[in-house]
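See below for the structure under consideration.
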Amino acid sequence: MSRMSMGRIHLNCLGALLAGLLAGCATPAPDATSTPAVERVWPRPPETPRIRLLQIITTPQDVGIRPNLFDRVLDFLKGDAPTRVVRPQGLEADAAGRLYVIDAHYRFVHVFDGGGTRYYSFPAQPIDGFEQPIDLALGAGGRVYVSDSAAGRVHVFAEHGAKYVTSFGGPPLKRPTGMAYRAATNELLVVDTLASQLLVYDADSFA
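Here our numbering is used: the first residue of the sequence shown is 28, the next is one more, and so on.
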């Protein structure tokens with residue numbers, strides 16, 4: 028086959044790829060699951076409602092996040108990473124509007140930008156000892172703490188989850204589950220389900 032014919036084939040393939048990606052960038056129809064058709068409140072009348080369901084989020088599109096053309100090309104070449112929430116576990120929201128959701132099915136954390144501009148998940152690369160994330164807490168300066176009940180450790184991330192820092196555990200911590208960050212004292216509160224106790228750690232030294 029001549030070089031000219033090969034070049035035409037490559038151009039045709041590239042054109043088909045770009046056409047498909049551009050078609051995918053068209054604004055999709057609203058997801059029927061993202062906005063409840065019927066108002067849902069708790070408790071139900073005649074009691075006074077105290078909780079109202081506003082929105083159901085399962086994909087980045089539910090909060091208006093759409094990847095640009097460049098990101099779509101990269102995703103196509105390297106393979107799409109799962110972005111749909113399958114089994115939500117713990118969740119937190121920060122002051123900037125980011126929503127962090129642990130997915131027990133994929134064993135990672137979804138992050139939805141509240142401004143509708145970005146979605147990502149972490150850890151971006153496999154981490155030894157990262158087995159079963161259960162809950163998370165948001166600390167100072169963009170730190171994220173993730174409890175791992177199977178590993179018996181707490182994993183620490185910086186830059187809102189983009190950078191892995193370290194993990195800590197060992198006696199007396201056995202099976203960390205629920206967590207909370209106390210900003211006033213810069214302390215991390217960790218529930219140990221197996222030991223039936225609440226442990227308090229310095230959020231920087233982990234002591």
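Note that CB positions come from ideal geometry on N, CA and C, so glycine has one too. Note that this is a predicted model, so its numbers are computed, not measured.
- Message: What does the alpha-carbon distance come out to for the pair residue 74 and residue 68?
- Response: 10 Å
- Query: Which word fits residue 78, buried or exposed, when buried means at least 16 other C-beta atoms lie within 10 angstroms of its C-beta?
  - Reply: exposed
- Query: With C-beta atoms as the reference, is residue 201 less than 7 Å away from residue 166?
  - Reply: Between residue 201 and residue 166, the CB-CB gap reaches or exceeds 7 Å.
- Message: Spatial neighbours of residue 220 within its chain, please: C-beta separation below 6 Å, excluding the five flanking residues on both sides.
- Response: 202 and 204
- Task: Can you tell me which of the three DSSP states residue 225 falls into?
- Result: DSSP, read as helix, strand or coil, puts residue 225 in strand.
- Should the region 223–232 be called in touch with the region 186–193, which here means at least 3 C-beta pairs below 8 Å? no
- Could you tell me the distance, in whole angstroms, from the CA atom of residue 111 to the CA atom of residue 162? 18 Å
- Message: Run through the DSSP bridge pairs and tell me what residue 129 is partnered with.
- Response: Under the DSSP definition of a beta bridge, residue 129 partners with 136.
- For residue 121, which option in 174, 210 and 150 has the closest C-alpha, if you only look at C-alpha atoms? 210
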